[in-house]
Amino acid sequence: MNLKTTLTMMQAYGALAFSAGVIADSNVEDHTTDRSEQVEVTSTTNDSAKIELDALAVKGRALSLYKEDESTLGTRTSTPIDETPQSIQVLPKELIEDQAANQISDLYRSISGVSYNNFSTVTMRGFAQDEVLYDGMKGDPYKGFSIPQLFTIQEVQVLKGPSGALYGAGDSGGTINYVTKKPTYEQKNTLEVTAGNKDFLSGSIESSGPANESGSQRYRVGIYSSGENSYRNNVEEENENIDLGYAWDLDEDSTLTLQYTHIYQHIDGARLRGIPTDDDGNFLADTSWNNNEPSDYQELKADVFQATLDHEINSWLSSHTSVRYFENTETQNYHELKSLSDTDSDGVADTATREYRDQVWNNKGLNVSSYFVSELGKHTLVTGADYYYNKEDYAYYKATGESAGVSNLSLTNPVYDDDVSDYIMSLSKDETTELNQVGAFIQDQWKVTDKLSLLGSGRLDYMQEDYTDHKSDTDASYNDVGYSTRFGATYDLNRYLKPYVSYSTGFSPQSASDQQTSEDGSLFDPEESQQYELGVRTYLFNNRLNLNLAVYHIERKNMLAEDPDDDDYNIAIGKIRSQGFEADALIDITKRWLANISYAYNDVKVTDTDDAYRSEANMPHHQLGVWTRYDFPSITSSIGFGADYVSTQKNRDNQTVKSYTVYDASWQTIWQDWKFQANIKNLFDKKYAISGFTETIGSYVGERRRVYLSASYDF
């Protein structure tokens, strides 16, 4: 594809100007109704019977377009979010499409307390988070350093804080769950093509609907392909997805859903690292600079199989059983920065020493989960168990410095001419890790009164990890037991205020490879975390404002850090305390103008340990994300505007990562069965860093201006 940037920009700005310039005044309010309140009225019939009617509660445009009222992530049952005693955010398909989000990183602005960390990982409520769920199960096909793509995703759910009582071992800051697209009862076919600057071109087709006349059998087929270049030297990217599904109502009480997904991703010039900066966060090279040669690449191949059986056993008892299996292979051939030097003695580093790495990860994972939901009057009881298995084979070869044939690279005038086949490679690691985890859990949701709901849950996990170092021909085996609990309450104070409170715990065992880094041979205890959270969900100004507020305090202990006396070993540090405040708002500013706003304040402090300990990186104190949309009903069009602000951060070497604000814009119109859309990301082409790593590797560069023009057709 040879699409000129200037032409694309003219088209996008022209479309925006056209929609913004149209005066479209309509008296029709786009409202939906929520049949949620009961009122009693007296009949005028002769028998004077009383009848009960539903009052119509007006729900504004923002709440009907961008808000989900229920989620299964927080309880494993279809529970109203207002009755879940823990902070949950749900990003529906409409918000994903409006922001033209191709991958999860495009949505961070809309998730309070979530920011970039390193590659596919994020920082959530002050802690690094890199494990995700799909339909409530482990088995991430992007496991490694690839960023999850959103073509197969219906919505993104985020549960804030530890979730060990539901899902076992996991990260302290929260859990991200991807709800995949399933076969539908109604026929829907969509063809979409998108073009953009930097030679972006993508195409997809999706078809879903009944496979027989009664609709008891349904199918889904989705195919996606994209390719693009980058502002960074030597980078090109390709993505391919095949997504298949088949659902079968075995009888009126049972449904079996089968799914298969194939994923392919190839990025030349990757794995992308950062650009070195000075202590004040100023880049020492142009933002197009890349430490990788043109022959470097990162490639992911993955296949996922999933089966789910939902069964209504009787009027009060149901079961849910799922099996998820995945395989993936991630290959990385890339150059890593090892040191910086000042060759012209002007006091500023200008040359990088590099190391070449050839790494391959092979993963196989299986997750089997089964639980029962019992509706026992005022109690909803969930009992179940799950099993997770993962085997990872890892091979790592490297060549370091000029003595191994790896040339240095100038920061100001890079010359890419290395032949990696001439490098002198040596084996660094060759290891296999096998993990077996079994967990059992119980949860009770007690509707004490019409207003007060209580929740209590507990879980017991047993984990065993076997580790083989093929290079040294040594074996090791570790096992651990973890307990997790959660207690919470919600109260429906009135139609405007719905407060909640909760206490939750979590744990994460140390990996077998990390256990090898104990200097005296003793085993490290698992990481443990606990969170206290207080929040309120509000519906104000005749339901035009849904404001969710939460304050939290998290403590995490037994985290590993490099031993300051010997960097070949790790030590367990004391505690890390994270506390903060989050505010998420959906607002109908006018009947056509809506906004989605997320703000987070977070403060992290290391306690009970040596003051010299280096805290985790990339923990901004302030984050603000805004997405606003204005509708023109008479021409079925809308314009959108977004902003993303992240305050100053520190990298692992305590260097500054500067604060940044970037802006986005969009235009959308619907004509008959067509939808046309234009999105401009980083509207003012800002040069900035999204996060930092170390002084040598530098800070990760934010994407420069990107323009996307898409057309989709429903048939």
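Here UniProt numbering is used: the sequence shown runs in plain steps of one and ends on residue 715. All C-beta atoms, glycine included, are put in the ideal place defined by N, C-alpha and C.
Counted as a single uninterrupted DSSP element, the alpha helix (DSSP H) harbouring residue 97 occupies residues 93-98. Collapsing the DSSP output to three states places residue 402 in a helix.
Around the beta-carbon of residue 435, 16 or more other beta-carbon atoms lie within 10 Å, marking it buried.
Residue 115 and residue 209 have their C-alpha atoms roughly 37 Å apart.
For the 7 Å CB-CB criterion, residue 383 and residue 372 form a contact. Burial state of residue 62 is buried, judged by a 10 Å Cβ sphere holding 16 or more other Cβ atoms. Residue 600 is positioned such that its CB atom lies closer than 7 Å to that of residue 623.
If you draw a 10 Å sphere on the C-beta of residue 494, you find fewer than 16 other C-beta atoms in it, and that means exposed.
Non-local C-beta neighbours of residue 184 in its own chain, meaning closer than 8 Å and more than five positions away in sequence, comprise 208, 209, 218 and 220, ordered along the chain. Per DSSP, the continuous beta strand (DSSP E) segment holding residue 445 begins and ends at 426-447. Around the beta-carbon of residue 313, fewer than 16 other beta-carbon atoms lie within 10 Å, marking it exposed. Partner residues in a beta bridge of residue 109, as assigned by DSSP, do not exist. Excluding its 5 nearest sequence neighbours in each direction, residue 519 has C-beta neighbours in its own chain below 6 Å: 569, listed in chain order. Residue 301 places its beta carbon less than 7 Å from that of residue 329. The shortest CA-to-CA distance from residue 127 to any of 637, 451 and 621 is the one to 621. For the 7 Å CB-CB criterion, residue 204 and residue 178 do not form a contact.
A check of alpha carbon separations from residue 274 across 289, 266, 268 and 324 identifies 289 as the nearest. Assigned with DSSP and collapsed to three states, residue 211 falls in coil, not helix or strand. Per the DSSP secondary-structure output, residue 548 pairs in a beta bridge with 537 and 584. In the DSSP assignment, no residue is bridged to residue 416. In the displayed model, residue 423 falls within coil according to three-state DSSP, outside both helix and strand. Non-local C-beta neighbours of residue 477 in its own chain, meaning closer than 6 Å and more than five positions away in sequence, comprise 466, ordered along the chain. With a beta-carbon spacing of about 7 Å, residue 269 and residue 232 fall inside the 8 Å limit used to define contacts. According to the DSSP secondary-structure assignment, residue 665 is paired through a beta bridge with 641 and 680. The DSSP assignment places no complete beta strand (DSSP E) segment of no fewer than 3 residues inside the stretch 273-299.
Within the DSSP bridge table, the entry for residue 260 names 244 and 305 as partners. Minimum Cα-Cα distance from residue 431 among the listed residues 324, 132, 514 and 408 corresponds to 514. A distance below 8 Å between beta-carbons, with the five flanking residues on each side excluded, links residue 538 to the following residues of its chain, in chain order: 496, 497, 498, 545, 546, 547, 548 and 549. Looking at the DSSP output, residue 168 sits in no beta bridge, so it has no partner there. Per the coordinates, the alpha-carbon of residue 140 lies some 11 Å from the alpha-carbon of residue 147. Using a Cβ distance threshold of 7 Å, residue 551 and residue 534 count as a contacting pair. For residue 195, the secondary structure class from DSSP, reduced to helix, strand or coil, is strand. Assignment of residue 101 by DSSP, reduced to helix, strand and coil, places it in the coil class. Beta-bridge partners of residue 499 (DSSP): 536. Contact between the stretch 75-89 and the stretch 150-167 is present, with at least three C-beta pairs closer than 8 Å. DSSP places residue 579 within a strand segment (E or B) once states are collapsed to three.
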